[in-house]
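Only one structure is covered here, and it is reproduced in the block below.
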Amino acid sequence: IGVDALVKIFTTPVKRFFAYLGLGACLLYGGIMLFASIDWVLNFYRLGTLAEGLDRFGVMRWQISIIVPIGFTLLIFRYIEVGYRIFTHKQDTLGLADEAADAIDELKKSQAEELK
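Take 10 as the starting number for the sequence shown in my numbering and just add one per residue.
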């Protein structure tokens, strides 16, 4: 929250620079974690171990763990989307809270138009 408040005091070009910097860090982190988690799941798959506590149902450990690389894939897609929005000047920062506020404002506008 404090970092976002600090970035908001800068001009738009500086905001965009910090957004690209943060975006690069987030994509790097997501990529590292994605590849590491794929290796992790593949090891579980090769070992063929059953999930602890769910072994009586035949649930394999890799079947539960597969959600981790799926989650990091979704994270990467989300940051690619944010990067596109920054590149096309629809957004200046990584501030996802601003997107939520914008969505609420749009919803209020559409509801007001429906009442007319």
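Glycine included, each C-beta is placed from N, C-alpha and C at the ideal position.
query, result
"Alpha carbon to alpha carbon, how far is ILE18 from VAL77? Give it in angstroms, no decimals.", "36 Å"
"Below 8 Å on the Cβ atoms is my guess for LEU36 versus ILE95; work out the distance and round it to an integer in Å.", "So it is not a contact: roughly 12 Å between Cβ atoms."
"Quick one: what does DSSP say LEU37 is sitting in, helix, strand or coil?", "helix"
"Could you tell me whether the Cβ atoms of SER74 and VAL91 are closer together than 7 Å?", "no"
"Going by DSSP in three states, LEU63 sits in which element: helix, strand or coil?", "coil"
"Would you mind stating whether ASP101 and LYS24 have Cβ atoms separated by less than 7 Å?", "yes"
"On the CB-based measure, 16 or more other CB atoms within 10 Å of its CB, does ALA2 come out buried or exposed?", "For residue 2 there is no data in the structure shown, the boundaries of the chain being 10 and 125."
"Would LEU83 and GLY31 qualify as a contact pair, given that the criterion is a beta-carbon distance under 7 Å?", "no"
"Using the Cα positions of LYS125 and ASP111, report the straight-line distance between them to the nearest angstrom.", "21 Å"
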